[in-house]
Amino acid sequence: MKRVYMDANATTPLVPEVFDAMRPYFIERFGNASSIHQQGQQARAAVEQARESVSSLLNCHPAEIVFTSCGTESDNLALFGLVQPGDHLITSSIEHHAILHAAEKLRDRGAEVTFLPVSGEGVVDPQDVRRAIRPNTKLISIMMANNETGAIQPVTEIGRIAAEADIYFHIDAVQAAGKLPIDVQSLRCDLLSISGHKLHGPQGTGILYVHRGTQLEPLFFGGSHERQRRAGTENLAGIVGLGKAVEMARQVLSDGTIARVAALRDRLEQGVLARVDGAGVNSANTPRVANTTNIYFDNLEGEALVIALDLKGLAASGGSACASGAMDPSHVLRAMGLSTARARACLRFSLTKLNTEEDIDFALEIIPAAASRLRELAPVNAGTLG
Ligand SMILES: Cc1ncc(COP(=O)(O)O)c(C=O)c1O
Numbered sequence: 299m300k301r302v303y304m305d306a307n308a309t310t311p312l313v314p315e316v317f318d319a320m321r322p323y324f325i326e327r328f329g330n331a332s333s334i335h336q337q338g339q340q341a342r343a344a345v346e347q348a349r350e351s352v353s354s355l356l357n358c359h360p361a362e363i364v365f366t367s368c369g370t371e372s373d374n375l376a377l378f379g380l381v382q383p384g385d386h387l388i389t390s391s392i393e394h395h396a397i398l399h400a401a402e403k404l405r406d407r408g409a410e411v412t413f414l415p416v417s418g419e420g421v422v423d424p425q426d427v428r429r430a431i432r433p434n435t436k437l438i439s440i441m442m443a444n445n446e447t448g449a450i451q452p453v454t455e456i457g458r459i460a461a462e463a464d465i466y467f468h469i470d471a472v473q474a475a476g477k478l479p480i481d482v483q484s485l486r487c488d489l490l491s492i493s494g495h496k497l498h499g500p501q502g503t504g505i506l507y508v509h510r511g512t513q514l515e516p517l518f519f520g521g522s523h524e525r526q527r528r529a530g531t532e533n534l535a536g537i538v539g540l541g542k543a544v545e546m547a548r549q550v551l552s553d554g555t556i557a558r559v560a561a562l563r564d565r566l567e568q569g570v571l572a573r574v575d576g577a578g579v580n581s582a583n584t585p586r587v588a589n590t591t592n593i594y595f596d597n598l599e600g601e602a603l604v605i606a607l608d609l610k611g612l613a614a615s616g617g618s619a620c621a622s623g624a625m626d627p628s629h630v631l632r633a634m635g636l637s638t639a640r641a642r643a644c645l646r647f648s649l650t651k652l653n654t655e656e657d658i659d660f661a662l663e664i665i666p667a668a669a670s671r672l673r674e675l676a677p678v679n680a681g682t683l684g
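In this note's numbering, each residue's number is its place in the sequence shown (first place is 1) plus 298.
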C-alpha cells in the first residue's frame, strides 16, 4: 500500500547522505573523542568538524556549540542551567512540553515563572514580554516557531527587549532549524536549542548554542566533555550525522526547497478547504514556517481522523495529547482560544522536503472522503464537547 508521510514536526527520515556520513563511525572509525591515540584523534576531528558545520548555520563560534542528546535536553540545560530558586523566568503558554514541564519543575523548586498568553493567531506579544520583566527576571525563553501551528514568534524583537534589560534569552529553535535562517548575533540570544531528528539528522542528537561567557550549571556531572557543559562520551556517529544534516539544512535555505515546500503546503491547505465543509486553518493570518498547516475539521474527532487517514496510508498528527487515559486537547490550541471541541477537531500536516505533488494529490483524495465518512458514522456535535 502507498504510504505518505506528513508528520515532519514529529520526526523526519534520515536522508541517505547523512546515513553514509555516519556509517564509518560505527565500525572502522570508532573511537572515543577524549582518547589520545589515533582512533581518539580521528573521532575528535570528526566531532570538531560537525561543530564547525553547526556554528556556520548559526553564525557563532564553534566553541559556543554544545552537543546534547535531543531538543528536550537542550531546553532543560538552558532552563535548569540558569534559573535558580528565587529567580524569575518568562516563557509562553505555547511552548513545547520540554520547556513547559521544565518551567513547572523550576516553579516547584522555588523559582517564579510567568507563562505569557498568545493572540488568537498563536503569537506572543513582545510588549507582554517587556511588561512581565521583574527585577529578578533571569531568563526569557520563547520558541522561534511553534511545533503545532508553525506560527513564527517575534524573537528578534524579544531579543532586543532582553538585551536592553540585560536578561538572558533562550530560543527553542527546534521547529525553525532548516526552515528559517537562524543568526544568533542578530537574534541577540544567549542560548538556542536545535534537535537533529527534525532536520533529517539522527534521533538522539541535539544542540545547545551557549553564548560565550554564559554561566551555565550543567545537568550532568562526570568528565569534562563539551567544555564542562555536558559530561558524557560524545555520540560520535550521531554528531557526525548531525553535522551533515546541518550542512544540508544550510543548502536547503537557499536552493528553493523552502519555496517548493511552501507551495505544496499551500496547495494541500487550499485543496482541503475547498473540498471539506467546516474546515479552517489555525494561525492562517500570521507568518508560519513553510512546511506546517494545522487544520480544524468541525464536528469530528481529530484522533479518529488521524486513525482513518493512517489506515488509508497517510501519516498526520492530531492536536491532542493522551493524559491519564483521556485525550486532552492541545495546550497550544487552547491558549489560542479555540474551544475544547474545535481543539479536539484539529490535525497537523507537516511536510518534509521529500514530499511531492503526488503526495498532495493522494492526501487531497483521501482526506475529504475520510472526513465525510467519519461525520456520517460518528457525528460529533460541537456543542456537546465543551
Ligand atoms: C518546539 C520543540 N521543542 C522541543 C522539542 C523536543 O525535541 P526532541 O524530540 O529532540 O527531544 C520538540 C519536539 O517535538 C519541539 O517541537
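Ideal Cβ positions, reconstructed from N, Cα and C, are used throughout, including at glycine.
As the structure is a prediction and not an experimental result, all values here were calculated from the model.
heavy atom of ligand 1 below 7 Å from residue i C-beta
i: residue 307; result: yes
i: residue 368; result: yes
i: residue 504; result: yes
i: residue 580; result: no
i: residue 472; result: yes
i: residue 493; result: yes
i: residue 320; result: no
i: residue 441; result: yes
i: residue 396; result: yes
i: residue 269; result: Here the chain comprises residues numbered 299 to 684, so residue 269 is not present and cannot be evaluated.
i: residue 373; result: yes
Rounded separation between residue i and residue j - CA only
i: residue 644; j: residue 480; result: 29 Å
i: residue 704; j: residue 410; result: Any answer about residue 704 is impossible in this case: the structure gives the chain only from 299 up to 684.
i: residue 641; j: residue 322; result: 46 Å
i: residue 670; j: residue 605; result: 14 Å
i: residue 413; j: residue 335; result: 50 Å
i: residue 392; j: residue 426; result: 14 Å
i: residue 364; j: residue 476; result: 18 Å
i: residue 591; j: residue 634; result: 15 Å
i: residue 314; j: residue 539; result: 10 Å
i: residue 733; j: residue 408; result: Since the displayed the chain opens at 299 and closes at 684, residue 733 lies outside it and no answer follows.
i: residue 463; j: residue 376; result: 19 Å
i: residue 493; j: residue 362; result: 16 Å
i: residue 395; j: residue 630; result: 10 Å
i: residue 660; j: residue 300; result: 9 Å
i: residue 316; j: residue 545; result: 10 Å
i: residue 331; j: residue 338; result: 5 Å
i: residue 403; j: residue 433; result: 22 Å
i: residue 623; j: residue 600; result: Because the pLDDT at residue 623 is just 47, under 50, the model does not fix this residue reliably, and the point stays unresolved.
Chain-order list of residues whose beta-carbon lies under 6 Å from that of residue i (same chain, five-residue window excluded)
i: residue 360; result: 349, 350, 353
i: residue 665; result: 570
i: residue 379; result: 514, 515
i: residue 627; result: 618, 638, 641, 642
i: residue 447; result: 420, 580, 581, 592
i: residue 632; result: 641
Sequence-distant residues of the same chain with beta carbon closer than 7 Å to residue i, five excluded per side
i: residue 424; result: 452, 455, 456, 459
i: residue 564; result: none
i: residue 672; result: 598, 602, 603, 606
i: residue 548; result: 354, 355
i: residue 535; result: 320, 323, 324
i: residue 308; result: 615
i: residue 474; result: 442, 443, 480, 587
i: residue 551; result: 479
i: residue 400; result: 373, 374, 377, 378
i: residue 485; result: 453, 454, 457, 469
i: residue 305; result: 613, 614, 615, 648
Cβ-based neighbour list, residue i, same chain, cut-off 8 Å, excluding 5 preceding and 5 following
i: residue 397; result: 373, 377, 389, 439, 441, 470
i: residue 522; result: 529
Quick check: the stretch 503-514 against the stretch 326-345, are at least 3 beta-carbon pairs closer than 8 Å?
The stretch 326-345 is not in contact with the stretch 503-514.
Is it the case that the stretch 575-593 contacts the stretch 377-391, given that we only count it when at least three CB pairs across the two stretches are under 8 Å?
No, because fewer than three Cβ pairs between the stretch 377-391 and the stretch 575-593 fall closer than 8 Å, the two stretches do not touch.
Touch check for the stretch 550-566 and the stretch 361-376: three-plus C-beta pairs under 8 Å?
no
Would you check if the stretch 463-483 and the stretch 336-343 touch, i.e. whether three or more CB-CB distances between them fall below 8 Å?
Put simply, the stretch 336-343 does not touch the stretch 463-483. Fewer than three CB pairs are less than 8 Å apart.
Evaluate contact between the stretch 423-443 and the stretch 647-663, counting only Cβ atoms and requiring at least three cross-stretch pairs below 8 Å.
no
Run through the stretch 466-530 for me and flag every whole alpha helix (DSSP H) of 4 or more residues, listed as ranges in chain order.
482-485, 523-526
For the stretch 374-433, list the alpha helix (DSSP H) runs that are entirely contained and at least 4 residues long, ordered along the chain.
395-406, 424-430
What are the complete beta strand (DSSP E) segments, minimum 3 residues, inside the stretch 564-651?
577-580, 590-595, 618-621, 624-627, 644-648
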